[in-house]
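Written below as structure tokens is the structure these notes are about.
Number of protein chains: 2
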Amino acid sequence: MNNFNFYNPVKILFGKGQISAIADEIPAGARVMVTYGGGSIKKNGVYEQVMTALKGHTVIEFSNIEPNPHYETLMQAVEIAKRQQIDFVLAVGGGSVVDGTKFIVAAMEFEGEDPWDIMTKRVPVERAVPFGAVLTLPATGSEMNSGSVVTRVSTKEKLAFSSPFTFPKFSVLDPETTFTLPLRQVSNGIVDAFTHVLEQYLTYPVNAPLQDRMAESILLTLIEEGPKAIHNPQDYDTMANIMWSATMALNGVIRVGVPTDWATHYIAHELTALHGIDHARTLAVVLPSLLRYKGKEKREKLLQYGERIWGVDAGTEDERLEATVMATVSFFESLDIRTKLSDYEVGEDTVKTIVKRFQERGVKNLGERADIQIDDVQQILMMSL
Amino acid sequence: MNNFNFYNPVKILFGKGQISAIADEIPAGARVMVTYGGGSIKKNGVYEQVMTALKGHTVIEFSNIEPNPHYETLMQAVEIAKRQQIDFVLAVGGGSVVDGTKFIVAAMEFEGEDPWDIMTKRVPVERAVPFGAVLTLPATGSEMNSGSVVTRVSTKEKLAFSSPFTFPKFSVLDPETTFTLPLRQVSNGIVDAFTHVLEQYLTYPVNAPLQDRMAESILLTLIEEGPKAIHNPQDYDTMANIMWSATMALNGVIRVGVPTDWATHYIAHELTALHGIDHARTLAVVLPSLLRYKGKEKREKLLQYGERIWGVDAGTEDERLEATVMATVSFFESLDIRTKLSDYEVGEDTVKTIVKRFQERGVKNLGERADIQIDDVQQILMMSL
Numbered sequence: 170m171n172n173f174n175f176y177n178p179v180k181i182l183f184g185k186g187q188i189s190a191i192a193d194e195i196p197a198g199a200r201v202m203v204t205y206g207g208g209s210i211k212k213n214g215v216y217e218q219v220m221t222a223l224k225g226h227t228v229i230e231f232s233n234i235e236p237n238p239h240y241e242t243l244m245q246a247v248e249i250a251k252r253q254q255i256d257f258v259l260a261v262g263g264g265s266v267v268d269g270t271k272f273i274v275a276a277m278e279f280e281g282e283d284p285w286d287i288m289t290k291r292v293p294v295e296r297a298v299p300f301g302a303v304l305t306l307p308a309t310g311s312e313m314n315s316g317s318v319v320t321r322v323s324t325k326e327k328l329a330f331s332s333p334f335t336f337p338k339f340s341v342l343d344p345e346t347t348f349t350l351p352l353r354q355v356s357n358g359i360v361d362a363f364t365h366v367l368e369q370y371l372t373y374p375v376n377a378p379l380q381d382r383m384a385e386s387i388l389l390t391l392i393e394e395g396p397k398a399i400h401n402p403q404d405y406d407t408m409a410n411i412m413w414s415a416t417m418a419l420n421g422v423i424r425v426g427v428p429t430d431w432a433t434h435y436i437a438h439e440l441t442a443l444h445g446i447d448h449a450r451t452l453a454v455v456l457p458s459l460l461r462y463k464g465k466e467k468r469e470k471l472l473q474y475g476e477r478i479w480g481v482d483a484g485t486e487d488e489r490l491e492a493t494v495m496a497t498v499s500f501f502e503s504l505d506i507r508t509k510l511s512d513y514e515v516g517e518d519t520v521k522t523i524v525k526r527f528q529e530r531g532v533k534n535l536g537e538r539a540d541i542q543i544d545d546v547q548q549i550l551m552m553s554l
Numbered sequence: 170m171n172n173f174n175f176y177n178p179v180k181i182l183f184g185k186g187q188i189s190a191i192a193d194e195i196p197a198g199a200r201v202m203v204t205y206g207g208g209s210i211k212k213n214g215v216y217e218q219v220m221t222a223l224k225g226h227t228v229i230e231f232s233n234i235e236p237n238p239h240y241e242t243l244m245q246a247v248e249i250a251k252r253q254q255i256d257f258v259l260a261v262g263g264g265s266v267v268d269g270t271k272f273i274v275a276a277m278e279f280e281g282e283d284p285w286d287i288m289t290k291r292v293p294v295e296r297a298v299p300f301g302a303v304l305t306l307p308a309t310g311s312e313m314n315s316g317s318v319v320t321r322v323s324t325k326e327k328l329a330f331s332s333p334f335t336f337p338k339f340s341v342l343d344p345e346t347t348f349t350l351p352l353r354q355v356s357n358g359i360v361d362a363f364t365h366v367l368e369q370y371l372t373y374p375v376n377a378p379l380q381d382r383m384a385e386s387i388l389l390t391l392i393e394e395g396p397k398a399i400h401n402p403q404d405y406d407t408m409a410n411i412m413w414s415a416t417m418a419l420n421g422v423i424r425v426g427v428p429t430d431w432a433t434h435y436i437a438h439e440l441t442a443l444h445g446i447d448h449a450r451t452l453a454v455v456l457p458s459l460l461r462y463k464g465k466e467k468r469e470k471l472l473q474y475g476e477r478i479w480g481v482d483a484g485t486e487d488e489r490l491e492a493t494v495m496a497t498v499s500f501f502e503s504l505d506i507r508t509k510l511s512d513y514e515v516g517e518d519t520v521k522t523i524v525k526r527f528q529e530r531g532v533k534n535l536g537e538r539a540d541i542q543i544d545d546v547q548q549i550l551m552m553s554l
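Chains as they are written, first to last, in my numbering: chain A, 170 to 554; chain B, 170 to 554.
Written out as structure tokens, the structure reads:
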């Protein structure tokens, strides 16, 4: 096992009716900005529950945060929040709203010239306005970690940051808030969480059997509960199990002491930045090709994954590797998530564009062995056409 | 799944060489009290590493904290710490030192008459002096939770408390610190951690498959790594896996949203209080009888445990239940932990004494269904004779 530090101070309030509990978590007298997206929370009763819980606070609303939240939009929120002397922000929505809110609270306290430097120049975030979250979409895990991904429209860049100061103070996970989600978002969420686990699991063995089994626990649960959610998205227990699985997939627990990959995410972000394809779908496109391309290096973990998760235990090693990747692909496809670039009308031109962007950005050394270079990225993407 | 709140802000510094990192975790200029036990840390190099890391701080030492730490001893530490205006305490040792230190830091800020009221009158702990831990014995999980068990010698009471203010600020888990442990403590630790998992797992199903699998992950890892540790206690990876398993067993992660039992612990504490039997050994005595006595109520989870952990999948239901309990007993015995009261020269007199103490204390409603009464305790203990 590798050395590690683990720290996660997020308080989780899980279950039906928990939105009302935020009243006890936000400092009395705080001026609260509520951030949200396109307004679905006004249709499913979440907005009302939040506003009832916030009675007694001065509340400012900031809505219309997009999927893959835009720097340009978030900077408007920063300006309003500063002007209104906001001292607590409450994100209500899915991973985009939570990610966007992390950028807002960091940018509010940023002292340099442009908060975008947090992403491009890696200027460390050394403080942030406190914030909490009411999650309405199980997927990204942002509700229980300190990471954030923001897109700059003007430059078509999608970049990440994290900081010990951008953990939510609390997150409410009420499975009932997911009952009215479009199925597309439910299946996206399952694939997103599943891929988060694989990024931390399909690397190379370091004798960390507990972490392996915990990762496998999440995978098995998503495989078991995923199809149920698609067929019966208002089943409380099913959605509760998916919601908690998605959170556990990226709250740091399964990552401790093991190598992690994240090349799939890094490459896939470009497809969203360039074409606006749903995040989970870009992962489903890149991951299978990356696993095949790196089959030799990931051999031991891929074989373990195939056997323990998909029951692949027969054939030559090559056959088992391919059967394992195909089982993963079939799972994604069974959730109505396509896995080829052509399914999204993306062709070789985009591969060239991504390669060019990576060259300009000087991208190198991706993956758990830091051995994925731009040429490799090109080949992986070509395999996904 | 049941509703739950989860909060665990302990920072974990895991791996070889991590003791030196405490220098960054303790506030500059803090007056530090280092608490420890019988002095084994002076023989294995841990004391030296800690003192090197604390250079620049005023350091007061308080040693001789016993296994099952005594209220009487801890109150001496409280007096010294107050007199010396200590503002950070560093526990160096196993669960007893960490538990004892939790009581010390709570008692230092206690404003009532006698801090023992925290245990007996359930006076809530509303603040505490900050503290950290350097763990040298994987077992209790105290390094990553807020709970503590303290023994009062004069009354032979062993009682527990917890508070959101008694989480360690950080805990160092360096597997190398365990290399010189007596085998008796290694096997005690494995059985202690294993039983912690079972207390949170062997109850009744609430449709929480992820929590079940995570609990099973710890059990399987302890079963796999436990015998290795007994045969080769200086194997770094083995001890690392046991250390992390013991921490994960009681840091709250597997408990979320599920019922928990704890009757075994509650009953077993009496055996330590009355006869000084090692904590883990008292668990190994009580648990099998409790599982048999409650076999009907715990049926579904016991069968799942038997099948997934011990491969018990044949025979009538009663046969499978008994085979499952026997597999657990065999595992404990394989680690040289005896499972009968007679193995510890304890007889029926002690059962009577415990029953009388429970009657005086008005004990009732133990277990996940709150259906274990004093009569049941008596029968469980009689089955363990």
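Using N, Cα and C, we set each Cβ at its ideal position, and we do this for glycine too.
Indicate the three-state DSSP secondary structure (helix, strand or coil) for residue i in the structure shown.
i: F183 (chain A); result: strand
i: R507 (chain B); result: coil
i: S553 (chain B); result: coil
i: Y205 (chain B); result: strand
i: K521 (chain B); result: helix
i: A453 (chain B); result: helix
i: I387 (chain B); result: helix
i: I541 (chain B); result: strand
i: A496 (chain B); result: helix
i: F472 (chain A); result: What sits at residue 472 (chain A) in the sequence shown is Leu, not Phe. L472 (chain A): helix per DSSP, three-state reduction.
i: T289 (chain A); result: helix
i: R424 (chain B); result: helix
i: N172 (chain A); result: coil
i: R322 (chain B); result: Arg is not the amino acid found at residue 322 (chain B); the sequence shown has Val there. If DSSP states are grouped into helix, strand and coil, V322 (chain B) belongs with coil.
i: R296 (chain B); result: coil
i: S458 (chain A); result: helix
Which residues in chain B have a C-beta closer than 9 Å to the C-beta of residue i? List them in chain order.
i: D283 (chain A); result: What D283 (chain A) touches in chain B: nothing, since even the nearest Cβ is about 30 Å away.
i: D406 (chain A); result: M170, V375, N376, A377
Which chain A residues are close to residue i, counting only those with a beta carbon under 8 Å from its beta carbon?
i: K180 (chain B); result: N174, F175, Y176
i: G604 (chain B); result: The first residue shown for chain B is 170 and the last is 554, placing residue 604 (chain B) beyond what the model contains.
i: E345 (chain B); result: Result: empty, since nearest Cβ-Cβ is about 11 Å, beyond 8 Å.
Listing by chain order, which chain A residues have their CB less than 9 Å from the CB of residue i?
i: D256 (chain B); result: Within chain A, no residue comes near D256 (chain B); the closest Cβ sits about 21 Å away, beyond 9 Å.
Our contact map puts residue i next to residue j with C-beta atoms below 8 Å; I'd like the distance itself, whole angstroms only.
i: F555 (chain B); j: L243 (chain B); result: Outside the shown range of chain B (170 to 554) lies residue 555 (chain B), about which nothing can therefore be said.
i: L388 (chain B); j: F363 (chain B); result: 7 Å
i: I549 (chain A); j: Y474 (chain A); result: Not quite, the Cβ-Cβ distance comes to about 19 Å (not below 8 Å), so this is no contact.
i: L554 (chain A); j: F339 (chain A); result: The pair is not a contact, with the Cβ atoms about 44 Å apart (cut-off 8 Å).
i: L379 (chain A); j: W479 (chain B); result: So it is not a contact: roughly 18 Å between Cβ atoms.
i: S332 (chain B); j: A275 (chain B); result: 7 Å
i: T270 (chain B); j: T204 (chain B); result: 5 Å
i: A442 (chain B); j: K325 (chain B); result: 5 Å
i: D268 (chain A); j: V319 (chain A); result: 7 Å
i: V201 (chain B); j: V303 (chain B); result: Actually they do not touch by this definition, with Cβ atoms about 12 Å apart.
i: S265 (chain A); j: P238 (chain A); result: 5 Å
i: G310 (chain A); j: L419 (chain A); result: 3 Å
i: T407 (chain B); j: K470 (chain B); result: Actually they do not touch by this definition, with Cβ atoms about 29 Å apart.
At a CB-CB cut-off below 7 Å, which residues of chain A make contact with residue i?
i: L379 (chain B); result: S386, I387, T390, N410, W413, S414, M417
i: V422 (chain B); result: V422
Could you name the residues of chain B that residue i contacts, counting a contact when the two beta carbons are closer than 7 Å?
i: R382 (chain A); result: S386, L389, T390
Mind listing the chain B neighbours of residue i? Cutoff is C-beta to C-beta under 8 Å, in chain order.
i: E393 (chain A); result: P378
- request: Jot down the residue ranges of each uninterrupted beta strand (DSSP E) in the region 215-282 of chain B, minimum 3 residues, whole runs only, in chain order.
  value: Those beta strand (DSSP E) runs which fall completely within the region 215-282 of chain B and span 3+ residues are 227-231, 257-262.
task: Determine which residues of the region 362-379 of chain B have a Cβ less than 9 Å from any Cβ of chain A, and write them out in chain order.
output: Those residues of the region 362-379 of chain B that come within reach of chain A (Cβ to Cβ, closer than 9 Å) are V375, N376, A377, P378, L379.
task: Output, in sequence order along the chain, the residues in the region 184-208 of chain B whose CB is closer than 9 Å to any CB in chain A.
output: Per Cβ criterion, the list reads G184, K185, G186, Q187, A190.
task: Would you list, in sequence order, the uninterrupted alpha helix (DSSP H) runs of no fewer than 4 residues that lie entirely inside the region 324-386 of chain A?
output: Complete alpha helix (DSSP H) runs here, min 4: 352-370.
Against chain A: residues of the region 442-470 of chain B by CB proximity under 8 Å: Listed by position along the chain: nothing, the set is empty.
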